[in-house]
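Just so it is clear: in the sequence shown, position 234 is 246 by my numbering, and no numbers are missing.
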Amino acid sequence: MSFDYDLFVVGGGSGGVRAARVAAQTGARVALAEEDRYGGTCVIRGCVPKKLMVFASEYSGMVADAQSYGWDIESGSFKWGAFKNKLHAELDRLEGVYRGILKSNGVQTYDQRAKLVGAHLVQLADGTEKSAKHILLATGGRPVMPELPGIELGITSDEIFHLEKLPDDILIVGGGYIASEFAGILHGLGVKTTQYYRGSQILRGFDNETRNLVCEEMCSSGIDVHLGTNVTEMRKEGRKILVNSTGGGECCFDQVLFATGRRPNTDGMALETVGVALGRKGEVLVDEYSQTGVPSIYAVGDVTDRVNLTPVAIREGMAFVETIFRGNPTRADHELIPTAIFTQPEIGTIGLSEEDAAKQEKIEVYATSFTPMHQSFSGRSGRVLMKLVVSQKTRKVLGCHIVAPGAGEMIQLVGVAVKMGATKEDFDRTVAVHPTMSEEIVTMKTPVRIT
Ligand code: NDP
């Protein structure tokens with residue numbers, strides 16, 4: 013049977029574009045459909061604009077720091093309009109890069125929505141049908157908001173990059189990555205920031221000592237974090253939004269941002285009618301080769317709700333191409349993924365939390381928390397954390413958790429050693445880089461806990 017294409021990719025985000033490009037480089041005939049902007053969540057409404065906002069927000073503390081280092085400079089004000097224009101120009105540029113990558117590799121693009129009408133057949137929004145030997149679903153995810161009275165008054169992270177003006181004050185609901193990152197960003201940009209989280213500590217699932225320190229530092233920087241608190245109802249009160257919360261509290265805010273999780277984008281794609289099974293959240297169910305129950309259909313990235321991170325989607329896309337177009341069956345590796353959370357202070361983490369490691373085996377914990385040189389000279393109180401979780405039996409470092417400026421950069425490098433199976437003694441053998449914050453990671457001699 014002859015097909016229009018060897019591969020049809022649905023979704024032009026990080027995973028889909030990478031898979032399309034590398035498949036095309038093997039000589040395959042590849043097409044890709046995207047209904048929105050190329051680059052997906054990461055480039056258009058996620059990692060990239062978020063990180064640029066982190067950079068913008070961090071300048072607020074730098075003027076006071078510079079003054080304490082002897083600079084005679086005055087603090088100015090943040091101009092959201094100027095930043096926003098530049099931000100969107102940069103996103104336009106990056107979208108152009110993504111389109112360019114596809115074009116220069118000979119991938120045929122369709123700027124429209126696609127749904128499946130068969131195991132080898134895709135239907136575009138204009139009604140045309142395209143057949144392909146393989147179909148790759150890479151449609152990502154979208155933010156979801158809880159159902160409660162007045163929810164239409166809230167916004168999600170998708171809207172935050174398009175605000176006409178920055179609010180004077182904001183309530184952020186949620187305690188995950190997005191909520192905690194935007195609390196730091198908006199506070200740094202001068203917005204009076206309150207965060208409600210329904211649980212007992214933000215960033216559930218991460219190492220407890222790490223979560224506690226980040227929350228403490230966020231509070232001491234001036235973010236009003238309310239734990240064990242959730243929104244029950246919202247209504248308009250003049251130009252403000254009146255928010256009722258669990259416990260009976262009532263407060264007014266200019267904006268309410270819900271960062272209450274994300275859902276895979278599988279609605280309206282007719283996946284189940286062609287036999288692709290979906291999980292409870294609507295995620296495409298795949299095996300370790302990213303293959304669905306329909307042999308010709310694969311899925312990568314957030315639409316599969318495995319590890320929802322851009323570099324993981326890219327790896328899954330690469331493994332798919334290696335398996336299908338290079339004849340080398342390759343599983344996507346989800347073990348020991350280093351990651352950063354751009355809270356302020358930042359977190360870099362890899363491997364098991366102390367709590368999870370202790371459930372698995374006997375461990376030693378090495379940790380130190382201190383005010384680094386840069387802050388202590390300028391009179392700022394912020395503390396950092398360097399922590400290693402070590403297996404008593406194998407001596408391997410099972411987890412490394414860093415809270416510090418630049419923790420994301422640090423954990424990328426520690427990640428190589430941990431992925432190679434480095435032991436505590438390998439860390440000890442490495443000479444410290446002095447004077448740095450991260451030198452502590454190789455100089456901690458005595459465990460603080462043995463469990
Ligand atoms: P998360 O799943 O990380 O967090 C969702 C938060 O919302 C949790 O605190 C959750 O509480 C809370 N929540 C869920 N439902 C409700 C509800 N009905 N009412 C109140 N609170 C609720 O999702 P995010 O949206 O923050 O991020 C999505 C994913 O995007 C992340 O998991 C991550 O994979 C990725 N991401 C990665 C980043 C990075 O690498 N730096 C940055 C941003 C996103 P509870 O804990 O009680 O369930």
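Even glycine gets a Cβ: it sits at the ideal position worked out from N, Cα and C.
Is it the case that the Cβ atoms of residue i and residue j are separated by a distance below 8 Å?
i: V415; j: Y378; result: no
i: T258; j: N242; result: yes
i: L44; j: V21; result: yes
i: D314; j: G420; result: no
i: R407; j: K436; result: yes
i: E193; j: K62; result: yes
i: V296; j: A311; result: yes
i: R247; j: E300; result: no
i: I147; j: V156; result: no
i: F337; j: A101; result: no
i: I182; j: L198; result: yes
i: K523; j: K405; result: The question about residue 523 has no answer, for the chain in this structure spans 13 to 463.
i: E249; j: C227; result: no
i: T361; j: H446; result: no
i: D266; j: D180; result: yes
i: F270; j: G186; result: yes
i: G196; j: S69; result: yes
i: S390; j: L225; result: no
i: A32; j: V119; result: yes
i: Q124; j: E229; result: no
i: T151; j: G23; result: yes
Roughly how many angstroms lie between the CA atoms of residue i and residue j, to the nearest whole one?
i: P357; j: G418; result: 9 Å
i: A131; j: I309; result: 7 Å
i: Y208; j: S393; result: 24 Å
i: Y110; j: Y50; result: 6 Å
i: K145; j: L64; result: 40 Å
i: K252; j: V396; result: 37 Å
i: A429; j: I453; result: 12 Å
i: I163; j: L254; result: 11 Å
i: N256; j: L215; result: 23 Å
i: T351; j: M13; result: 44 Å
i: M385; j: T355; result: 20 Å
i: V426; j: A444; result: 13 Å
i: L6; j: G25; result: This structure cannot speak to residue 6, because the chain is shown only from 13 to 463.
i: N220; j: L364; result: 11 Å
i: L106; j: G261; result: 44 Å
i: T244; j: H238; result: 14 Å
i: W4; j: D77; result: Since the displayed the chain opens at 13 and closes at 463, residue 4 lies outside it and no answer follows.
Opposite residue i in the DSSP bridges: which residues?
i: E376; result: V402, I462
i: A93; result: As written in the sequence, residue 93 is Gly, which differs from the Ala given in the question. BP columns for G93 are empty, so no partner.
i: F382; result: V396
i: R274; result: P155
i: S257; result: V243
i: F265; result: I253
i: D236; result: T206
i: S143; result: L133
i: G411; result: G363, V401
i: D181; result: K204
With distances taken Cα to Cα, identify the nearest neighbour of residue i among the options.
i: G200; options: Y81, L148, K91, P161; result: K91
i: K457; options: M398, S365, Q124; result: M398
i: S116; options: G58, V29, P179, L410; result: V29
i: Q6; options: I359, P158, L149, E47; result: Residue 6 falls outside the range modelled here, since the chain spans only 13 to 463, and no answer is possible.
i: K293; options: T304, D317, T272; result: D317
i: Q79; options: Q387, I462, M449, F439; result: Q387
i: L114; options: S233, E245, A150, Q37; result: Q37
i: K128; options: E284, A369, T322; result: Residue identity check: residue 128 is Leu in the sequence provided, not Lys. Of E284, A369, T322, the residue nearest in Cα terms is E284.
i: H174; options: E107, L136, I353, I56; result: I56
i: E347; options: R125, R327, I353; result: R327
i: R41; options: G287, L400, V306, K142; result: K142
Say yes only if the C-beta of residue i is nearer than 7 Å to one or more non-hydrogen atoms of the ligand NDP, and no if none qualify.
i: G24; result: no
i: P158; result: yes
i: A325; result: no
i: T272; result: yes
i: F354; result: yes
i: E228; result: no
i: A543; result: Look at the range of the chain in this structure, 13 to 463, and you will see that residue 543 is not part of it.
i: P155; result: yes
i: G200; result: no
i: E328; result: no
i: A150; result: no
i: R216; result: yes
i: L64; result: no
i: V255; result: no
i: T351; result: yes
i: V426; result: no
i: L321; result: yes
i: A416; result: no
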